Amino acid sequence: MKGEFIVFGISLLWILFCMRFWFLIDRENVIQRRLIAIGAGLGGGLIYMLGSMVLPVLREAEQPTTPATELHPSPTIRIQPK
């Protein structure tokens, strides 16, 4: 659950970063503003999509692998009479 929030936060941070430049660009530069807005949307979506694809891989790497159980002979030795 924590990983999804981190991925969403990074995606939102990218969008806010791009929007910062969008506000700084003069209103007369319509094409440049539109390209920044498109880049913000596509980049944020791409970050979210790649992050959600990487999360399961990272979760698998975090889980410790259990070693295979070895069969040990019993500690007592029993001899059957003839």
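End of the sequence shown = 125 in our numbering, gap-free, step of one.
By construction, the Cβ of each residue, glycine as well, lies at the ideal position given by its N, Cα and C atoms.
On a predicted model such as this, the values are computed, not experimentally measured, just so you know.
Leaving out the 5 sequence neighbours to the left and right, which residues in its chain are closer than 6 Å to Gly87 when beta-carbon positions are compared? Ser54, Trp57 and Ile58
Distance, Tyr91 Cα to Phe51 Cα: 6 Å
Is the beta carbon of Leu93 less than 8 Å from the beta carbon of Gly46? no
What residue range does the alpha helix (DSSP H) around Arg102 cover? Val73 to Glu105
Using the beta-carbon count (16 or more within 10 Å), is Ile68 buried or exposed? exposed
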